[in-house]
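Worksheet for the structure shown next.
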Amino acid sequence: MTIDEFKIQNPIDQVIIQVNNTERNMTPEEYEEWCIECVEYINTHPNGPL
Amino acid sequence: MATPPDFSPGQVLTAAHMDAVGLWLVKTQAVGSGVASVTVTGAFSADYDNYRITWSGGTLSSNQVMLFQLSGSTVNYYTSWAGAFYTGAAITTGLGFNNTSSWGAGGGDATTAAVNIDVLGPYLTKATNMRFSGDFVDATISGAGRHTPASSFTGFVLFGAGGATMTGGTIRVYGYRN
């Protein structure tokens, strides 16, 4: 999966994070970092967690 | 003096009794619906060297590993896992993580999810160590790891691998009495 493909499936305005009791959207920087991490994991674990 | 946890009704608890308590609840955090990550601040302090962190009562949007980050650090996590499928077959691939951006901390799916991780020395200006276990639809794993910078941390982030989102349940942080 590419980062662009992941972003289409998970657009920034639909990704919510929680900091203590507060929920909010990611900042663009947080979103970029999260997308890179998720795609790296998906590509190294194509069959799921194990 | 009775030996904890055997107390008599109406017994006065002395400082010696309370000093013998080994695990103290530091913080609880309810988890929202469909969140990609949960940051917990103010979890680690000079009060305790070592911590147990749990998340229970919640679910993940897909069958995935739960990951853990010390707040503010996205590199230098080293960990390896061991595990087996419920069929008894050993898991042989995807179990080593050399200088990655997080640790494993648990696992789950849309039915149930859980985190159970011991974090050793996160507030100390030394490398931080961890031990964890996790269960999935078809298998269980356990592992250990280290975060090598000699840095102090006060908070952490829990999130599902591969973009899996968390819903419900409660994160609890306990401190092991020094």
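Top line first, the protein sequences correspond to chains A and B.
Under this note's numbering, the first residue of the first sequence is numbered 1, with each subsequent residue one higher.
Under this note's numbering, the first residue of the second sequence is numbered 1, with each subsequent residue one higher.
Even for Gly, the Cβ is constructed at its ideal location relative to N, Cα and C.
| query | result |
| --- | --- |
| Cα-Cα separation, residue 4 of chain A to residue 15 of chain B | 59 Å |
| For residue 46 of chain A, three-class secondary structure by DSSP | coil |
| Contact under 8 Å by Cβ, residue 102 of chain B with residue 77 of chain B | yes |
| Runs of beta strand (DSSP E) wholly within the stretch 30-79 of chain B (minimum 3 residues, chain order) | 35-40, 50-60 and 64-70 |
| Validate contact between the stretch 20-27 of chain B and the stretch 162-170 of chain B using beta carbons, cut 8 Å, 3 pairs | no |
| The stretch 154-162 of chain B touching the stretch 75-92 of chain B, judged by at least three CB pairs closer than 8 Å | no |
| Through-space distance from residue 172 of chain B to residue 115 of chain B, alpha-carbon basis | 10 Å |
| Identified DSSP bridge partners for residue 147 of chain B | B/77 and B/128 |
| Beta-carbon proximity list for residue 150 of chain B, same chain, < 8 Å, skipping 5 on both sides | 125, 126 and 127 |
| Stretch-stretch touch, CB-based, cutoff 8 Å, three pairs: the stretch 89-104 of chain B with the stretch 53-62 of chain B | no |
| DSSP three-state assignment for residue 91 of chain B, whether helix, strand or coil | coil |
| Length of the line joining the Cα atoms of residue 94 of chain B and residue 1 of chain A | 17 Å |
| Status (buried if at least 16 other CB within 10 Å, exposed otherwise) for residue 22 of chain A | exposed |
| Test: residue 37 of chain A CB closer than 8 Å to a CB of chain B | yes |
| Closest Cα partner of residue 11 of chain A within the set A/18, A/30, A/19 and A/45 | A/30 |
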